[in-house]
Amino acid sequence: MAARTLRRLAAVTVLIVALLSLSACGANSKKITIGTKFDQPGLAAKKPDGTLAGFDIDVATYVAKQLGYQPDDIEWKEAPSGQRENLIQNHQVDFIVATYSITDARKQKVSFAGPYLVTGQSLLVRADNNEITSVESLQNHKKLCSVSGSTPAQRIKDKYPGVQLQQYDTYSACLEAVKTGAIDALSTDEVILAGYAAQAPGAFKLVGKPFSVEKYGIGLLKGDKELRQKINDAIEKMQKTGEWQAAFDRNLGPAGLSAPPPPPLDTNINAAGGAKRVDLWGTYGGKIVKAFWTTIQLTLLAAVGALILGTVLAAMRLSPVPVLRWLGTAYVNVVRNTPLTLIILFCSFGIGNTLRITLVDPHSPTAVVDSNFRLAALGLTVYTASFVCETLRSGVNTVPLGQAEAARSLGLSFGQNLRMILLPQAFRAVINPLGSVLIALVKNTTIASAIGVAEAALLMKEMIENTAALLAVGSIFAAGFVVLTLPLGLLFGWLGKRYAVVR
Amino acid sequence: MVTGEPSPATPMISVKGVNKHFGALHVLKDINLEVPRGQVVVLLGPSGSGKSTLCRTINRLETIDSGSIHIDGDLLPEEGRKLATLRSEVGMVFQSFNLFAHKTILENVTLAPMKVRRKGKDEARKKGLELLERVGVANQADKYPAQLSGGQQQRVAIARSLAMGPKVMLFDEPTSALDPEMVNEVLSVMTSLATEGMTMIVVTHEMGFARRASNRVVFMADGTIVEDAEPDEFFTAPKSNRARDFLGKILDH
Amino acid sequence: MSEASVLYDAPGPRAQRRNLLFAAVIVAVIIAMVGWVLWQFESKGQLTEAKWHPFLTANLWTTYVLPGAVGTLTAAAVSIVLALVLGLLLGMGRLSDSRPVRWACSVFVEFFRAVPVLIMMLFAYFLFALYDVFPSRQLALAGVITGLTLYNGAVIAEIVRAGVYALPRGQREAAVALGLRPGQTLRLILLPQAVTSMLPVLVSQMVVVLKDTAIGYQITFVEMVRQGTNIGSAYSNYIPALLVIAALMISLNFALSALATRLEARMRQSRRTPDPLPVNTGVQEDTPGTPAA
Chain P
157 MAARTLRRLA
167 AVTVLIVALL
177 SLSACGANSK
187 KITIGTKFDQ
197 PGLAAKKPDG
207 TLAGFDIDVA
217 TYVAKQLGYQ
227 PDDIEWKEAP
237 SGQRENLIQN
247 HQVDFIVATY
257 SITDARKQKV
267 SFAGPYLVTG
277 QSLLVRADNN
287 EITSVESLQN
297 HKKLCSVSGS
307 TPAQRIKDKY
317 PGVQLQQYDT
327 YSACLEAVKT
337 GAIDALSTDE
347 VILAGYAAQA
357 PGAFKLVGKP
367 FSVEKYGIGL
377 LKGDKELRQK
387 INDAIEKMQK
397 TGEWQAAFDR
407 NLGPAGLSAP
417 PPPPLDTNIN
427 AAGGAKRVDL
437 WGTYGGKIVK
447 AFWTTIQLTL
457 LAAVGALILG
467 TVLAAMRLSP
477 VPVLRWLGTA
487 YVNVVRNTPL
497 TLIILFCSFG
507 IGNTLRITLV
517 DPHSPTAVVD
527 SNFRLAALGL
537 TVYTASFVCE
547 TLRSGVNTVP
557 LGQAEAARSL
567 GLSFGQNLRM
577 ILLPQAFRAV
587 INPLGSVLIA
597 LVKNTTIASA
607 IGVAEAALLM
617 KEMIENTAAL
627 LAVGSIFAAG
637 FVVLTLPLGL
647 LFGWLGKRYA
657 VVR
Chain B
81 MVTGEPSPAT
91 PMISVKGVNK
101 HFGALHVLKD
111 INLEVPRGQV
121 VVLLGPSGSG
131 KSTLCRTINR
141 LETIDSGSIH
151 IDGDLLPEEG
161 RKLATLRSEV
171 GMVFQSFNLF
181 AHKTILENVT
191 LAPMKVRRKG
201 KDEARKKGLE
211 LLERVGVANQ
221 ADKYPAQLSG
231 GQQQRVAIAR
241 SLAMGPKVML
251 FDEPTSALDP
261 EMVNEVLSVM
271 TSLATEGMTM
281 IVVTHEMGFA
291 RRASNRVVFM
301 ADGTIVEDAE
311 PDEFFTAPKS
321 NRARDFLGKI
331 LDH
Chain W
20 MSEASVLYDA
30 PGPRAQRRNL
40 LFAAVIVAVI
50 IAMVGWVLWQ
60 FESKGQLTEA
70 KWHPFLTANL
80 WTTYVLPGAV
90 GTLTAAAVSI
100 VLALVLGLLL
110 GMGRLSDSRP
120 VRWACSVFVE
130 FFRAVPVLIM
140 MLFAYFLFAL
150 YDVFPSRQLA
160 LAGVITGLTL
170 YNGAVIAEIV
180 RAGVYALPRG
190 QREAAVALGL
200 RPGQTLRLIL
210 LPQAVTSMLP
220 VLVSQMVVVL
230 KDTAIGYQIT
240 FVEMVRQGTN
250 IGSAYSNYIP
260 ALLVIAALMI
270 SLNFALSALA
280 TRLEARMRQS
290 RRTPDPLPVN
300 TGVQEDTPGT
310 PAA
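Have a look at this one:
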């Protein structure tokens, strides 16, 4: 019977894998794949009906037309900031028009046509914020939002170390935070900021003059001179026919920007300077240790919190008061069925930004870092406590309940019964499973990277993106976690045996 | 009810018109039972007759639907501190011993006196060791229950109940879970208690104990008391058919 | 014997009055807290109609929620199937007679229970991107499936081992007494019974897989949580979006958990199926380094 089940399982698996690969090979040779952003209003954003609109979209569509493709032949692919080079190098797109700044570092990996737009980095603040007037005023421990994979915020921090950075996944998350006042400013290219500001008229304003020069180019495969020439020709044509100005006014005019003169095309295809090799340990050694130390701190904090809260919950679920029992059950059922990622995001957006409970002194210079850490610890505590509670309850079930009856018969109250007879034995019976929960907690701290806590997983992402030494980086972090969890498992196994209540 | 000095005529246990249901099942039907001070009562009957349930209602491990239960003249309270106090005066010995597995023998015996009666540690220990001596397991005082045999554990359970100085002791099938060779050591402790004048209600199948050590046999079937007589009379000449049926089945082997 | 009466006494009239009072106080406190939260939300503009209205439009559901749900369910389904296969193979390997096989499988299992799922997903994702193993549209999906399969395969291997160990020892003894070889014993007698007894635990492991697809959020996998943040981006209604997504996911997971519990109860009652492995409600996963309970 089992053999038949196994055969069926195998067949289903083969079928699924085949279907997947089939769907992947559905590429039509008459199509062109263009990478772009999906969430930058004014430049390239997905509308509710699923179509894309914006200045970048118009430029890309025009270029594609010049290359012989109709708008229907275009397959749009989302190109998040950190993956643009990968997408080009892996032939997953033909070219990228995605607010792609031309930099020497990027020229190492891809070639650029254009630029088709010149802008500069600027600041966006809440409309009623008069404290921040320029980049310099951020120095006073102000909170600046940064989006994972983009460089503007890091650049400001390098120049003005007093700034506090809060990292989010998307610009919209940053905007929400600026709107509620949790973050002071958002910095990125002026055109992008203008597009966002236009979406919420009156809520935001741009301050200060642009303090850098950003040239948006069209990224393509490195060394493909022929395609580069064709795209440059197309851009020139667009500018000459006035289509460029029209597209600009159409998309970015509502944001209050007026069309600047179109930029001259860049002739230098090569990057200045040679490639740099990154010394893994030298640059990152200290950071790795610090990241794992953060992991350990998160674990310890959440472990203590979860133990306390979990015990309280277990007592509630076992208590004679029906309302307490119901509350405990509701808590466990809701929390256990929610993904931890969601809980941590809630802690940051809901509790941190909306309810403004940040658990830190808002004027402290490390407010953002501390707040993220504590909110993550809170989320981990809330989540893990439900598992501690259930583990304890199962432990109470291992105590022969006749002992509870005997205790009652002797005149002990429920509280005394719980404290002296049931819980001590329950704890000793579940040492192993509690160890399991602790190890799961160690691994779950990686989820905190979703709100920018500088623990192991976040650093791993950063290191892979910056050094591309995938195998080495992967091994380091895997080894780190094995070192953390394996001894814990052995320790709890030993403890469990030693303290088991012999029946 | 009167709570002053109980007269010798006040029964130790007085069960009047007690009814109990488990869902739709009527497990105790209008039970009336009076147990005078110092009497040893054996509750007999086939399984499902309600004898265990009746025993457990006396210290309110089971609730009753109607009727009243008085212990030494005091109405059995429904909850709270008064119930706990009254419970401590009613000792209970269970079929599965129910010793606290994570505490030593001595700690098992001293726990309740210290935490419920608030006795001092030394006083409790002294009394505890005396009782353990009395039931014959004083030399195991620092061992854990799992290290003792069934018979020893049950004797410790008896000592644990005695440590509270109860007025009446309830036994719910105390020897049913024991190997045959250990039954006697427990029965002899129970017999010595009876000789000293402890009021006891014993649910058991041990006919020998019933004949030798008890004053009264109460035979139950289907939730009612069918026969209530002295042991000799009950075993030699049962009045009801039910009782005769029951005795016929069990005394044959 | 009623369940409540074992841990504590059935409440008498005074206790019942006290319980009612407790209930009233606690309900009042909860209403106050909820009220405060709602007031805070209101003052931050989270309760405006503009933020909640989009949920009534079909566009939001077809453009965002549907792809998210499809992503979550696809990743979960494929991962579960692959993890089952992997887990069975690894479990059998750990129970095998050959020492090298046992050792290799043990190392594999211990390693993949020790490394966090996110780390595995990140590694797989960047590996596939670097060597162009999958087309970019399936890159994140492949990363998620790889991470989930490796981890849950290891967990299921341990569940299989626990299932076989939980069988009455007499089963193996009887098979040996009849002359069956160890491999045959495992395949014909032990595994079939173990697999059936593992059914409830496996169902509850599926809930874990379903929840863990949300980790794919961080490698830009299109699943429910990411779509929640995308909705928040598109309509500027972060909090409402996350709340709705949370409600959806909780309901789905809760339904699956309830199924696991119901399955276990039915298996316990039925005389035809072997005793089910207890659905370990307290523990998410096993500990590396400890023997199967």
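Protein chains in written order, with the working numbering: chain P, 157 to 659; chain B, 81 to 333; chain W, 20 to 312. Ideal Cβ positions, reconstructed from N, Cα and C, are used throughout, including at glycine. Treat the numbers as computed from the prediction; the structure is a model and nothing was measured.
7 Å Cβ cut-off: residues of chain B touching Gly31(W): Simply Glu158 and Glu159.
Own chain, CB closer than 7 Å to Thr497(P), minus 5 neighbours either side, in chain order: Take Thr497(P), set aside five residues on each side of it, and the residues of its chain with a beta-carbon closer than 7 Å to its own are Ile603 and Ala606, in chain order.
Beta-carbon spacing of Ile99(W), Asn171(W) below 9 Å: The answer is yes: Cβ separation under 9 Å.
Any C-beta of chain P under 9 Å from that of Phe177(B): So, interface residue.
Unbroken alpha helix (DSSP H) run spanning Glu137(P), endpoints: Lying before the first or after the last residue shown, residue 137(P) is absent from chain P, which here runs from 157 to 659.
Entirely enclosed alpha helix (DSSP H) segments - the segment 366–399 of chain P, minimum 4 residues: List check, alpha helix (DSSP H) in window: 381–396.
Euclidean distance between Cα positions of Leu457(P) and Asn600(P): Leu457(P) and Asn600(P) have their alpha carbons spaced roughly 13 Å apart.
C-beta atoms of Thr82(W) and Pro204(P) nearer than 9 Å: With contacts defined by Cβ atoms closer than 9 Å, Thr82(W) and Pro204(P) form a contacting pair.
Counted within 10 angstroms of its Cβ, other Cβ atoms place Pro357(P) as buried (16 or more) or exposed: Exposed is the call here.
Glu313(B) versus Ile111(B): straight-line alpha-carbon distance, rounded: Cα-Cα distance, rounded: 22 Å.
Close-in-space but distant-in-sequence residues of the same chain around Val183(W) (CB under 8 Å, 5 per side omitted): Its chain contains Gly110, Leu114, Leu205, Leu209, Leu210 and Ala213 as the residues whose beta carbon lies nearer than 8 Å to that of Val183(W), once the 5 sequence neighbours on both sides are disregarded; these appear in chain order.
Test item: CB-CB of Pro319(P) and Lys298(P) under 9 Å: With the sequence shown as reference, residue 319(P) is identified as Val, and Pro is not the correct amino acid for it. If you check the CB distance, Val319(P) and Lys298(P) come in under 9 Å.
Ile258(W), enclosing alpha helix (DSSP H) - first and last residue: Membership of Ile258(W) in the alpha helix (DSSP H) is indicated by the continuous run Tyr257 to Gln288.
Beta carbon proximity, Leu123(B) to chain W, threshold 9 Å: By this cut-off, Leu123(B) is not an interface position.
contact_flag[the segment 122–141 of chain B, the segment 179–190 of chain B] where n(CB pairs < 8 Å) is 3 or more: Flag = no, the segment 122–141 of chain B and the segment 179–190 of chain B do not touch.
Residues near Thr137(B) by beta carbon distance below 6 Å, same chain, minus five either side: Within the same chain, Thr137(B) has close Cβ partners Ile144.
DSSP three-state assignment for Cys181(P), whether helix, strand or coil: Any reading at Cys181(P) needs caution, since the residue's pLDDT is 46, under 50, leaving its predicted position unreliable; the model's value is listed next. Taken through DSSP and simplified to helix, strand or coil, Cys181(P) comes out as coil.
Three-state secondary structure assigned by DSSP to Tyr327(P): In the three-state reduction of the DSSP assignment, Tyr327(P) falls in the helix class, which pools H, G and I.
Cutoff 9 Å: Arg19(W) Cβ touching any chain P Cβ: There is simply no residue 19(W) to check, as chain W begins at 20 and stops at 312 in what is shown.
Among Phe648(P), Ile188(P) and Ala359(P), the one whose alpha carbon lies nearest that of Ile587(P): Ile587(P) has its Cα closest to that of Phe648(P), out of Phe648(P), Ile188(P) and Ala359(P).
Residue environment, Thr439(P), which counts as buried when at least 16 other CB atoms sit within 10 Å: Classification of Thr439(P): exposed, given that the 10 Å Cβ count is below 16.
Contact under 9 Å by Cβ, Gly251(W) with Glu242(W): Annotated as distal: Gly251(W) and Glu242(W), with beta-carbon spacing of 9 Å or more.
Gly506(P): contacting residues in chain W (beta-carbon distance under 8 Å): Scanning chain W for C-beta atoms nearer than 8 Å to the C-beta of Gly506(P) yields Ile258 and Leu261, reported in chain order.
Whether Leu160(W) touches Thr93(W) by CB criterion (9 Å): Cβ distance < 9 Å, so Leu160(W) and Thr93(W) count as in contact.
Cβ shell of Tyr144(W) (< 7 Å), same chain only, five flanking positions each side left out: Excluding sequence positions up to five before and after Tyr144(W), its CB lies within less than 7 Å of the CB of Leu158, Ala159, Gly162 and Ile238, all in the same chain and listed in chain order.
Outcome for Phe102(B) when other beta-carbon atoms lying within 10 angstroms are tallied against a minimum of 16: Counting C-beta atoms within 10 angstroms of its own C-beta, Phe102(B) has fewer than 16 neighbours from the protein chains shown and is therefore classed as exposed.
Three CB pairs or more closer than 8 Å across the segment 444–462 of chain P and the segment 630–641 of chain P: Contact check between the segment 444–462 of chain P and the segment 630–641 of chain P: three or more CB pairs, one atom from each, fall below 8 Å, which counts as touching.
contact_flag[the segment 405–418 of chain P, the segment 198–218 of chain P] where n(CB pairs < 8 Å) is 3 or more: By the Cβ criterion, the segment 405–418 of chain P is in contact with the segment 198–218 of chain P, since at least three pairs of Cβ atoms, one from each stretch, lie closer than 8 Å.
Euclidean distance between Cα positions of Ser565(P) and Met472(P): Taken atom to atom, the span from the alpha-carbon of Ser565(P) to that of Met472(P) is near 23 Å.
Contact set between the segment 127–138 of chain W and chain P, restricted to residues whose Cβ is under 9 Å from the partner: Contact annotation: in the segment 127–138 of chain W, residues whose CB is within less than 9 Å of a CB in chain P are Glu129, Phe130, Arg132, Ala133, Val134, Pro135, Val136, Leu137 and Ile138.
Proximity test, Cβ basis, 9 Å: Asp294(W) and chain B: Cβ-Cβ to chain B under 9 Å: no for Asp294(W).
Residue closest to Ser294(B), alpha-carbon to alpha-carbon, out of Ala257(B), Lys183(B), Leu267(B) and Leu155(B): Checking every option, the nearest Cα to that of Ser294(B) belongs to Leu267(B).
Glu399(P) versus Trp437(P): straight-line alpha-carbon distance, rounded: The alpha-carbon separation between Glu399(P) and Trp437(P) amounts to approximately 51 Å.
Beta-carbon contacts of Leu144(P) that lie in its chain and below 6 Å, excluding the five residues immediately before and after: Nothing about residue 144(P) can be reported from this structure: the residues present for chain P run from 157 to 659 only.
Residues near Gly147(B) in its chain [Cβ-Cβ closer than 8 Å; skip 5 each side]: Apart from the 5 residues on each side of it in sequence, Gly147(B) sits with its Cβ closer than 8 Å to the Cβ of Val95, Lys96, Gly97, Val98, Asn99, Asp110 and Ile111 in its chain, given in chain order.
Residues that Gln246(W) contacts on chain D, provided the C-beta gap is smaller than 7 Å: Absent from the structure is chain D; the protein chains it does hold are P, B and W.
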